[in-house]
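Trainee: Those protein sequences? They're chains E and H, same order as listed.
Its first residue numbered 1149, the first sequence is counted upward by one per residue in the working numbering.
Its first residue numbered 1149, the second sequence is counted upward by one per residue in the working numbering.
Right, I'll just put the structure down here and ask away after.
Number of protein chains: 2
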Amino acid sequence: MDVFEAVAEPSRRALLDELAQGERSAGELVATLPGLSQPAVSRHLRVLREAGLVEVRPDAQRRIYALRADALAEIDAWLGRYRRYWSGHLDALEAHLARTHQPPRSTPEGDS
Amino acid sequence: MDVFEAVAEPSRRALLDELAQGERSAGELVATLPGLSQPAVSRHLRVLREAGLVEVRPDAQRRIYALRADALAEIDAWLGRYRRYWSGHLDALEAHLARTHQPPRSTPEGDS
DNA sequence: GACGAGTATTACCATTTGATTATATAAACG
DNA sequence: CGTTTATATAATCAAATGGTAATACTCGTC
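Structure representation (structure tokens):
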């Protein structure tokens, strides 16, 4: 499952949000997700792991999970292509780069 | 369907990528998605519409679709909480935007 | 080595998703 | 009007997803 799909799930975003505050054991993460069973959290963690969004470190029987936020850079990079459309406060540099990357288009309608 | 799920689908991202280059009629969008039938594209467009990511304008029998990238700001806002973890290797524009949207390390707490 | 704590995996089920074919709707055009 | 063009919707289906309960695995402790 790719990073986009991994992050699309609200419970998984909640897990990432928790891990953004620091490392957590699997059990602690279960405690922070009310209404989700331990196996459910374990499966979500597996998805996040396979997407490269978290990494695990064993600590006796515990599994300590840590965020690997750089995997989110893929989403950020994709978003970057759209960012100029909504950041109203474009300064000169941004506007220049935006124009450089994407010259205005004249939309040739009427074919076919 | 929320914006995260809407964007999680590769075909829908392809549609947005196409619309980022300018307005397109539904038929033109079908042509850019090889291997996807017209109804399939129409349904994806509906999802994008309901997520607020595109808007439609009628032109005779045609439906002209346009990007509404500001709906992506929700994803950007969420990403912002993580951006400080990898912002070391951003290029100039991205780094600038990251700083503009989210001053690193000095954010007043208050996230949900 | 048996036991308990902590976590992952399996088996299974309900729901959702994405695709397809066929059909409906709507507008231009003869 | 009837037809063609352009797009949306309905009906249906296979596959994927997310959840639970039960079970297996792993490690420290006794």
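Even for Gly, the Cβ is constructed at its ideal location relative to N, Cα and C.
Within its chain, find whatever has a CB closer than 8 angstroms to the CB of residue 1167(E); leave out the 5 residues flanking it on each side and keep chain order.
Mentor: Taking the first residue of the first sequence as 1, we reach residue 1167(E) at position 19. Contacts found: 1177, 1202, 1213, 1214, 1215.
Trainee: Could you round the C-beta distance between residue 1159(E) and residue 1181(E) to whole angstroms and report it? I think they count as a contact, below 8 angstroms.
Mentor: The residue labelled residue 1159(E) in the question sits at position 11 within the first sequence. The residue labelled residue 1181(E) in the question sits at position 33 within the first sequence. With a Cβ gap of about 6 angstroms, residue 1159(E) and residue 1181(E) count as contacting.
Trainee: For my contact list, residue 1211(H) and residue 1173(H) are in at a C-beta cut-off of 8 angstroms; report their separation, rounded to the angstrom.
Mentor: On the second sequence, residue 1211(H) is found 63 positions in, with the first residue counted as 1. On the second sequence, residue 1173(H) is found 25 positions in, with the first residue counted as 1. Right, the Cβ-Cβ distance comes to about 6 angstroms (below 8 angstroms), so this counts as a contact.
Trainee: Going by CA-CA distance only, name the one from 1150(H), 1149(H), 1183(H) that's closest to residue 1162(H).
Mentor: Translated into positions along the second sequence, residue 1162(H) becomes position 14. Nearest C-alpha to residue 1162(H): 1183(H).
Trainee: Can you list, in chain order, the residues of its chain whose CB lies under 8 angstroms from that of residue 1200(E), leaving out five sequence neighbours each side?
Mentor: For the purposes of this step, residue 1200(E) is taken as residue 52 along the first sequence, with counting starting at 1. Once the five neighbours on either side are set aside, the close Cβ partners of residue 1200(E) are 1151, 1216, 1219.
Trainee: Could you tell me which residues DSSP puts in a beta bridge with residue 1213(H)?
Mentor: Along the second sequence, read from residue 1 onward, the residue named residue 1213(H) stands at position 65. Paired residues: 1172(H), 1204(H).
Trainee: Do you know how far the Cα of residue 1207(H) is from the Cα of residue 1228(H)?
Mentor: Stepping through the second sequence from its first residue, residue 1228(H) is reached at position 80. Stepping through the second sequence from its first residue, residue 1207(H) is reached at position 59. Straight-line Cα distance between these residues: approximately 38 angstroms.
Trainee: Within this structure, are the beta carbons of residue 1156(H) and residue 1156(E) separated by less than 8 angstroms?
Mentor: In the second sequence, counting from the first residue as 1, residue 1156(H) sits at position 8. In the first sequence, counting from the first residue as 1, residue 1156(E) sits at position 8. Cβ distance < 8 angstroms, so residue 1156(H) and residue 1156(E) count as in contact.
Trainee: Let me know the secondary structure DSSP gives residue 1222(E) once reduced to three states.
Mentor: If you number the first sequence from 1, residue 1222(E) lands on position 74. Correct three-state label for residue 1222(E): helix.
Trainee: For a test of your reading of the model: does the CB of residue 1155(H) fall under 7 angstroms from any non-hydrogen atom of the ligand GTP? Yes or no.
Mentor: Of ligands this structure carries none, so the ligand GTP is not represented either.
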